[in-house]
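**Q**
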Amino acid sequence: MTNTTRTPRLGRRRSAPVFLALATTVALALTGCVAGEGSALVSDDEETEAGWSSDVLNIDFATYNPLSLIIKDQGWLEDELGGDVTVNWIQSAGSNKANEALRAGAVDVGSTAGSAALLAASNGLLIKTIDIYSQPNWAAILVPAGSDITEVSQLAGRSVAATKGTDPYFFLLQSLAEAGVAAGDVDVQNLQHADGKAALESGAVDAWSGLDPLLSTSVATAGSTIIYDNIDFNSYGFLNATEEFLAASPDLAQLVVNAYEKARAFAIEDPEATAAILAEVAGIDPAIATAVVTERTNFDIDPVPGDAQHDVLEVIGPIFVESGDVASQDAIDKALDSLFEPSYAEQADPSALG
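Per mature numbering (1 follows the signal peptide of the UniProt record, and there is no 0): the sequence shown = residues -29 to -1, 1 to 325.
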C-alpha cells in the first residue's frame, strides 16, 4: 500500500477554501453527529484545537474509483482541515484490498464494489456504506488475442483469472451461471487484477474476468477481446466506513462525503480533466482513461445508498452462499439489512468545502 499526503494537482483548480471558523466547525460536527446514526458525541479532550474529532484521517484512493483520485488531486480535504488533521491516502489495488485495510484499521474510509462490501459485512466486517460513488460497467470477461473462445459456455474446463472478493469475480460467477456452466467446472486462478491482466496477455490463463482501467488497457494495447459484457452483473461503487470511525468521527465522515459529492460534480462537468487525472495515476493512455470515464462509468446517479443497490445485492447474495464465500443466506440477509447508512449522503453539502 502507498501512503502519501498530497499529489500534484492535475485537474482544474477550484477556489481554495478558507479555514473553518469555530462556529462553522461546531455546526458541521453537530450535523455529522446527527448523520452518524448511533454516533456518540466526541469529548473535548478527543478533539483537535480546531474542533475536529480526530487529528488523523486515513482514506483510500483507487484507480477504479475516479472520484477518490479527484479529491486527492485537488487537495480539498487537506485544505478544509487546514493542517489540524493529517490526511493519509492509502491505495487500494482492489475491493478485496480495501476490505483488508478496513478490517485492519489501516483506513477509516475505503472504496469497494457493492458486492465486495456485502461479502465483507456478511463475514463480520463492521462497516457502513455512506455514499455511492458510481454506477460502473467496470467488469467483463476477456480472452487473449487470437483465442478460439467466443462465448462464456466455452470456459468449461478452461482456466480463468479473477480476484476473489471483487466485482469481476462475482461477475464471472453470474456469467457462468447464466451460461449453464458450473463454477466447479472452471479453474479459477485467484490473481490480483494487474496479475490477472498479465496472465491473460502472456497466455498463462485462457480468460480473465477483468476490471477497468486495466480491462480497457488490455483491449487497446494487447488486442484482448471482450467475450461478455453486462452492466447488470456489476454492482455499484460503494464508499464504506468502519462503524468505529463513524461513532468517533461523524464530522470527518460528513466532510469526506461532502468531498465526494463535490468530486461527482467535477467529474460530470469536466470529464476531460477527470480522465487526465485517471491517466496520470493509473499510468495509462489518456484515450483509454477517457473511454473509462465517459463510456464505462456513470457518475450521474443518486449518491444515497438505497433500493437500487439493495436490488442488485439481493441477486448477488445467494451466489456467495452457493460458492462457499458466505456460510448462510441468513448472514447475507442480516448484512444487507444493516449495511446502508444513507444519512451522510442525504445531508451532503459540496459547497461546505468552499
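Yeah, the Cβ is synthetic: ideal placement off N, Cα and C, and Gly gets one too.
Grab me the residues of L185's own chain with a C-beta within less than 7 Å of its C-beta, minus the 5 sequence neighbours each way, in chain order.
**A** H164, A165 and K168
**Q** Just list the beta strand (DSSP E) runs in the region 195 to 233, keeping only unbroken ones of 3 residues or longer that don't cross its boundaries, in chain order.
**A** 196 to 199 and 208 to 213
**Q** Here's the rule I'm using: 16 or more other beta-carbon atoms within 10 Å means buried, otherwise exposed. How should D119 be labelled?
**A** exposed
**Q** Spatial neighbours of V190 within its chain, please: C-beta separation below 8 Å, excluding the five flanking residues on both sides.
**A** Within the same chain, and ignoring the five residues on either side of V190 in sequence, the residues whose Cβ sits closer than 8 Å to its Cβ are L113, T196 and I197.
**Q** Taking only three categories from DSSP, how would you classify V58?
**A** strand
**Q** To which residues of the same chain is Q300 closer than 6 Å at the C-beta, ignoring the five residues directly before and after it?
**A** V292
**Q** At the level of alpha carbons, what is the spacing between G81 and N59?
**A** Rounded to whole angstroms, G81 to N59 spans 12 Å at the Cα level.
**Q** If you follow the alpha helix (DSSP H) that S187 is part of, which residue opens it and which one closes it?
**A** Where S187 is concerned, the enclosing alpha helix (DSSP H) stretches over L185 to A193.
**Q** Can you find a heavy atom of the ligand ADP that lies under 7 Å from the Cβ of A191?
**A** Absence of the ligand ADP from the depicted structure is noted, as is the absence of any ligand whatsoever, leaving it without description.
**Q** Please report the distance separating the alpha-carbon of D79 from that of G117.
**A** 44 Å
**Q** At a cut of 8 Å, does the region 62 to 71 reach the region 41 to 50 through at least three beta carbon pairs?
**A** no
**Q** Taking the alpha-carbon positions, what's the S314 to V275 distance?
**A** If I take the Cα positions, the gap works out to 8 Å.
**Q** Let me know the secondary structure DSSP gives N161 once reduced to three states.
**A** strand
**Q** Reducing DSSP to helix, strand and coil, say where T265 ends up.
**A** helix
**Q** Roughly how many whole angstroms lie between the Cα atoms of E317 and T34?
**A** 26 Å
**Q** Taking 8 Å as the limit between beta carbons, can you name the residues of its chain near L97, skipping five residues before and five after?
**A** T213, E214 and E215
**Q** Given that a residue counts as buried once 16 or more other Cβ atoms are within 10 Å of its Cβ, and exposed if not, what is A71?
**A** In the sequence under discussion, the amino acid at residue 71 is Glu, which differs from the Ala named in the question. Buried.
**Q** Whose C-alpha, out of G181, L249 and L147, is nearest the C-alpha of D138?
**A** G181
**Q** Measuring only the C-alpha atoms, how far is A230 from F270?
**A** 14 Å
**Q** Out of L143, T121 and E122, which one is the CA nearest neighbour of V131?
**A** L143
**Q** Less than 7 Å between C-beta atoms, sequence neighbours within five positions excluded: which residues of the same chain meet that for N94?
**A** Within the same chain, Cβ atoms closer than 7 Å to the Cβ of N94 are found at V297, the five residues on either side in sequence being excluded.
**Q** Return the residue from the list S294, Y199 and A234 that minimises the CA-CA distance to P321.
**A** A234
**Q** Using a 10 Å radius around the Cβ and a threshold of 16 neighbouring Cβ atoms, would you call E312 buried or exposed?
**A** With 16 or more Cβ atoms within 10 Å of its Cβ, E312 is classed as buried.
**Q** Sort out for me which residues DSSP pairs I30 with in a bridge.
**A** W60 and V80
**Q** Would you report the Cα separation of A302 and R74, rounded to the nearest angstrom?
**A** In a straight line, the C-alpha of A302 is about 18 Å away from that of R74.
**Q** Can you tell me which residues form a DSSP beta bridge with Q106?
**A** N269
**Q** Does the Cβ of T100 have 16 or more other Cβ atoms within 10 Å, making it buried, or fewer, making it exposed?
**A** buried
**Q** May I have the straight-line CA-CA distance separating N211 from D102, to the nearest angstrom?
**A** 7 Å
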